[in-house]
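Each residue of the sequence shown is one higher than the one before, starting from 47 at the first, in the working numbering.
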Amino acid sequence: MTEHWRDPVVECLSGYALASPESLEGELLQDAKRLLTDTLAVGLGAFHHPAAVIARKYLALFPADPNGVVVWGTPVKATPDKATLANGVLLRCYDYNDVLSGRISGGHPSDMVSALVAIADWHGISGAALLSALALGYDVTEALYDIIPIEAAGWDHSTVSAIGATCAIGKLLNLNFEQMCEALGIAAIQHMQSDEIESSITNRRGDLTMWKRFHGADAMRHALDSCLLASVGAEGAVRPFSGRLGFLAKFGVSDDLLPVLKERLQPGRLTRAMTRTNLKRWPVGSRAQSAIASAITARRQIPEGSVIASVNVTTQPGVYHHLVEIREDPYRPISRETADHSLPYIVGAAVLDGFIDITSFNLDKVHDAKRAAFIADNVKIEVSKSLSEAPGSAGQNLSRVEIVTEDGRRYAGDVLPGPGHRDNPFTDSDLAEKLHDNGDGLLGSARIDELNGLIERLEIVASTKQLTALLAGS
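In structure tokens, the structure reads:
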């Protein structure tokens, strides 16, 4: 007879985490390094975002910790939990980090990078161990995305990603089986984020909630604290996942998912979830990446001196719903947040400028009268189910942009997944370019070259402190 206090889901996750390999090889190793490069690029580019500035102001309320970990882009060191928050906010400022789609849910598991790097920095853990823990965290997270209806239950994906992060952090901290179980018992019930943070409702300033930039990092610092508490003897809920009011019940899961989870997470066998994550070339959500690529391609075809009469966008229903239908006034955004969630603005900016970057959503551009008039008068959005995705692909979010000039000529962009999508993957040079685009202004081109080179050989680096030393600024 099974003891009443045992939670088989916790034991399955703990067993899988502790049996995961200490190092990676081959394609998975390269994927881990590419993911780390992409995530750090995203973070460095957001250093001056208002949410990131506020996070550092929060740190300033506490004494600096000379024995702590690096707050990226600064000479400051803080306790691991505080650094996890401040560095993690950087990853979500611009909707620029990865997206992983499971069978019924999805999210941004790279939120965990801030916590894993903090622990690795704090204890001088090797680069190989950091990369291996990252792969482990992704495997657990994707398995849960496959079986838990996150959005349908009204919760945010970071609640689930934090469970994967807890497994990865516990591995880095060398927790034993009992400690890992208790860490998961704490993480599963102490921190659940409502999906209201993804609401399209704007605040009194006309902005989307700033907490959208904090919530992933906040979930990860709680995952880290769960592991630290368990390491010194704290105990979690008795049946945190399987209990009557446990984690699965809160998500409305009534089926016995243990057999599925055990099949997915077999100890000693990585599921290679990182190979299935999608990256982004431009600082907007994944649903707009294809549209930007198509718009830029179409614009490059237009002869110099031509006058644009209209911009016709054909897109999939899911893209239209998220970037047009649920937005209060997508043709007239009034802030950075409303502009980078508006398909008309995003496409209009790409057509007018020939590029999209962080400055595309500065208020001087969003409020520019000529730009606003062009977008309102010339950009037309049509929904079409004919833009079908390739069999077996997930979340391509396809769009086609056609530019019509006053002389009646038409110039159409390609219909492809955005650069960085797993069906249109980045090359190493693409990632190096993204790292330079986002990091040169903060750390300088020479430092970014050094950082990129270190990540390329990270599996042989004895201490992650070498990595974080390059992330420290003046």
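Glycine included, C-beta positions come from ideal geometry on N, C-alpha and C.
Here the structure is a predicted model, which is why all the values come from computation and not from measurement.
In terms of residue numbering, what span does the alpha helix (DSSP H) encompassing Ser277 cover? Unbroken alpha helix (DSSP H) run through Ser277: His261 to Ser277.
Inter-residue spacing [alpha-carbon to alpha-carbon] between Met47 and Leu311: Any reading at Met47 must be qualified, since the residue scores a pLDDT of 43, below 50, and its modelled position is unreliable; no value is offered.
Taking Cβ positions, are Tyr377 and Pro363 nearer each other than 8 Å? In this structure, Tyr377 sits away from Pro363, with a CB-CB distance that is not shorter than 8 Å.
Unbroken beta strand (DSSP E) run spanning Lys426, endpoints: Where Lys426 is concerned, the enclosing beta strand (DSSP E) stretches over Val425 to Val429.
Rank Thr83, Glu73 and Arg373 by C-alpha distance to the C-alpha of Ile494 and give the top, closest one. Out of Thr83, Glu73 and Arg373, Thr83 has the C-alpha closest to the C-alpha of Ile494.
Count Cβ pairs between the stretch 229-236 and the stretch 273-289 that sit closer than 8 Å; are there 3 or more? The stretch 229-236 is in contact with the stretch 273-289.
Leaving aside the five residues before and after Ser272 along the sequence, list all residues of the same chain whose C-beta is less than 6 Å from its C-beta, in chain order. Only Thr212, Ala229, Ile232 and Ala233 meet the Cβ criterion.
Who are the near neighbours of Phe287 in its chain, counting only those whose CB is closer than 7 Å to its CB and skipping five residues on each side? Excluding sequence positions up to five before and after Phe287, its CB lies within less than 7 Å of the CB of Asp53, Val55, Val56, Ala234, Phe293 and Leu294, all in the same chain and listed in chain order.
Just list the residues that DSSP pairs Ser381 with in beta bridges. When beta bridges are read from the DSSP output, Ser381 appears opposite no residue.
Output yes or no for whether 8 Å exceeds the beta carbon distance between Val397 and Val365. No, these two residues do not count as a Cβ contact at 8 Å.
Just checking my contact of Leu513 with Gly173 at CB under 8 Å: how many whole Å lie between their CB atoms? 7 Å between Cβ atoms; contact.
Can you look up Arg346 in the DSSP assignment and give me helix, strand or coil? In the displayed model, Arg346 falls within a helix according to three-state DSSP.
For Arg80, count the other beta carbons within 10 Å of its own beta carbon; 16 or more makes it buried, fewer makes it exposed. Which is it? When all chains shown are included, Arg80 counts as buried.
Could you tell me which whole alpha helix (DSSP H) segments of length 4 or greater appear in the stretch 390-470? Correct list: 409-412 and 415-424.
Ser160 lies in the alpha helix (DSSP H); which residues open and close that run? For Ser160, the enclosing alpha helix (DSSP H) begins and ends at Val159 to His169.
Which first and last residues belong to the alpha helix (DSSP H) in which Val365 is found? Run containing Val365: Pro363 to Tyr366, per the alpha helix (DSSP H) assignment.
Report whether the distance from the Cβ of Asp476 to the nearest heavy atom of the ligand NAD is below 7 Å. This structure lacks the ligand NAD, and indeed carries no ligand of any kind.
Three or more C-beta pairs under 8 Å: does that hold for the stretch 404-415 against the stretch 447-461? Two segments are said to touch when three or more pairs of C-beta atoms, one from each, lie closer than 8 Å; by this definition the stretch 404-415 does not touch the stretch 447-461.
By DSSP, does Gly152 sit in helix, in strand, or in coil? Three-state result, Gly152: strand.
Three Cβ pairs or more, each shorter than 8 Å: is that satisfied between the stretch 332-341 and the stretch 485-494? Segments in contact, no.
On the three-state DSSP scale, how would you describe Asn113? Coil.
Since Leu180 and Ala214 are thought to touch, with beta carbons under 8 Å apart, how far apart are those beta carbons, to the nearest angstrom? The pair is a contact, with the Cβ atoms about 7 Å apart (cut-off 8 Å).
N- and C-terminal bounds of the alpha helix (DSSP H) containing Asn133: Going by DSSP, Asn133 is part of the alpha helix (DSSP H) stretching over Pro126 to Leu137.
Going by the beta-carbon positions, is the gap between Thr323 and Leu137 smaller than 8 Å? No, the pair does not count as a contact, with Cβ atoms beyond the cut-off.
Roughly how far, in whole angstroms, is the beta-carbon of Asp157 from the beta-carbon of Ala265, given that I think they are within contact range, below 8 Å? With 8 Å as the limit, Asp157 and Ala265 qualify as a contact, their Cβ atoms being about 7 Å apart.
In three-state DSSP terms, what is Trp257? The three-state reading of DSSP puts Trp257 in helix, counting H, G and I together.
So, is Ala175 buried or exposed, given that buried needs 16 or more other C-beta atoms within 10 angstroms? Answer is buried; the Cβ neighbour count reaches 16.
Assign Pro112 to buried or exposed, taking buried as 16 or more other Cβ atoms, counted over all protein chains shown, within 10 Å of its Cβ. Exposed: under 16 other Cβ atoms inside 10 Å.
According to DSSP, what are the bridge partners of Trp201? Bridge partners of Trp201: Ser240.
Does DSSP put Asn222 in a helix, in a strand, or in coil? Coil, per DSSP.
For Ile196, the nearest candidate out of Gly152, Ala98 and Ile165 (CA to CA): The option with the nearest alpha carbon to Ile196 is Gly152.
Within a Cβ cutoff of 6 Å, which residues of the same chain sit near Tyr62, ignoring the five residues on either side of it in sequence? Within its own chain, the residues whose Cβ lies closer than 6 Å to the Cβ of Tyr62, once the five positions on either side in sequence are excluded, are Leu311 and Pro313, listed in chain order.
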